[in-house]
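In mature numbering (1 follows the signal peptide of the UniProt record, and there is no 0), the protein residues as written are -25 to -1, 1 to 273. Here a beta-carbon is modelled for each residue, glycine too, at the ideal position from N, C-alpha and C. Please read all numbers here as calculations on a predicted model, not as lab measurements.
Structural data, given as structure tokens:
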């Protein structure tokens, strides 16, 4: 008798069709925001959503990481664009020639090849370059989210430890993955790549989102002022599209240092973590060889 009381299959099909046509569309989660169709070829689109940032105490102790990383937390970001590559010496010097950027060159000739990242710029010079391109510096949250992706992985390539397979860092061969330890050896313009140095941008291949050198090569300025802890920063570093203290303005009472992210050719694997962060004075005194890339809101 049970089979007689069940509706015929054709009737079930009709009912299901009516339900599906009347049911409200399921909205896409914030983690699946779409990118525009007209993204510039030299930029990557990072879809908006929720991103895991910072490091947890267990990982700090297990890996003997420095404690400069923020505590683990989640933020929500709007979709944004980010330069695929670090700004090169060639690009920056073109801005100088156009009268829109201040002249700046590293004192080391072997670090200023045209396709290498522009270095030695201070925070204000990096910001001015980005503004001249109709862009801006990325926030710390944007830079780290673009490095870690929606799953919160520890590095731009995933959770594998940082090595010269993935990034231009300092390893057991020396700085820049090409160190030289022979006694009495010194750098010359002809052999500079043996000293350990930056490489041409994009030399290690693309990471997620089609981005290059998000870890290693040149450490990069971001827009935020440095707060030592998440608590010290408060709401300015949390929630929706956080910009850090004073929203990254040129001056911020009570805060003296800006932030640098991404590790570099000069430092080892610990600095290559996406969550790693380093403070430095925005006028770049004392001088360090930092680079940068630009971002753009949609």
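Residue i to residue j span [Cα, whole Å]
i           : j           : result
residue 226 : residue 90  : 32 Å
residue 86  : residue 172 : 7 Å
residue 247 : residue 122 : 10 Å
residue 279 : residue 22  : Since the first residue shown for the chain is -25 and the last is 273, residue 279 is missing from the structure and cannot be characterised.
residue 44  : residue 190 : 15 Å
residue 272 : residue 120 : 15 Å
residue 254 : residue 98  : 12 Å
residue 103 : residue 74  : 11 Å
residue 77  : residue 199 : 21 Å
residue 222 : residue 250 : 20 Å
residue 212 : residue 32  : 19 Å
residue 214 : residue 235 : 21 Å
residue 68  : residue 79  : 8 Å
residue 276 : residue 243 : Because the chain is modelled from -25 through 273, residue 276 falls outside the range shown and cannot be assessed.
residue 157 : residue 233 : Any reading at residue 157 needs caution, since the residue's pLDDT is 48, under 50, leaving its predicted position unreliable; the model's value is listed next. Distance between the alpha carbons of residue 157 and residue 233 is about 37 Å.
residue 18  : residue 136 : 27 Å
residue 146 : residue 130 : 16 Å
residue 88  : residue 66  : 11 Å
residue 188 : residue 229 : 32 Å
residue 245 : residue 100 : 28 Å
residue 46  : residue 72  : 43 Å
residue 184 : residue 207 : 31 Å
residue 62  : residue 220 : 25 Å
residue 216 : residue 181 : 25 Å
residue 83  : residue 112 : 25 Å
residue 141 : residue 175 : 15 Å
residue 252 : residue 231 : 15 Å
residue 13  : residue 20  : 10 Å
Neighbour flag for residue i against chain D, beta carbons, 8 Å
i          : result
residue 61 : The structure shown contains no chain D, having only a single protein chain.
First and last residue of the uninterrupted alpha helix (DSSP H) at residue i
i           : result
residue 105 : 98 to 107
residue 8   : Unbroken run through residue 8: none, as it is neither H nor E.
residue 253 : From DSSP, residue 253 is part of no alpha helix (DSSP H) but of the beta strand (DSSP E) over 253 to 255.
residue 207 : 205 to 208
Limits of the unbroken beta strand (DSSP E) element including residue i
i           : result
residue 19  : 18 to 21
residue 176 : No beta strand (DSSP E) holds residue 176; DSSP gives it neither H nor E.
residue 150 : No beta strand (DSSP E) holds residue 150; DSSP gives it neither H nor E.
residue 69  : Element bounds for residue 69: not the beta strand (DSSP E) but the alpha helix (DSSP H), 64 to 72.
residue 198 : 195 to 200
residue 236 : 233 to 236
residue 272 : 270 to 272
Contact belief for residue i with residue j at Cβ below 8 Å, rounded distance in angstroms
i           : j           : result
residue 218 : residue 114 : 5 Å
residue 264 : residue 81  : 6 Å
residue 143 : residue 178 : 7 Å
residue 133 : residue 27  : Not really, about 14 Å apart at Cβ, beyond 8 Å.
residue 52  : residue 116 : 6 Å
residue 237 : residue 125 : That pair is no contact at about 19 Å.
DSSP three-state assignment for residue i, whether helix, strand or coil
i           : result
residue 25  : strand
residue 183 : helix
residue 111 : strand
residue 55  : strand
residue 30  : strand
residue 130 : strand
residue 223 : helix
residue 92  : strand
residue 120 : helix
residue 285 : Residue 285 is absent from the structure shown; the chain starts at -25 and stops at 273.
residue -10 : Because residue -10 sits at a pLDDT of 38, beneath the cut-off of 50, its placement in the model cannot be relied upon, and the following sentence gives the value as read from the coordinates. DSSP places residue -10 in helix when its eight states are reduced to three.
residue 135 : coil
residue 211 : helix
residue 46  : strand
residue 258 : coil
residue 247 : helix
residue 84  : helix
**Request:** Could you tell me whether the stretch 256 to 266 touches the stretch 7 to 17, using the rule of 3 or more Cβ pairs below 8 Å?
**Result:** Judged by Cβ distances under 8 Å, the stretch 256 to 266 makes no contact with the stretch 7 to 17, as fewer than three pairs qualify.
**Message:** So, does the stretch 55 to 66 touch the stretch 266 to 273, judging by three or more C-beta pairs under 8 Å?
**Reply:** yes
**Prompt:** Touching or not, the stretch 91 to 99 and the stretch 182 to 195, by the rule of three or more beta carbon pairs under 8 Å?
**Reply:** yes
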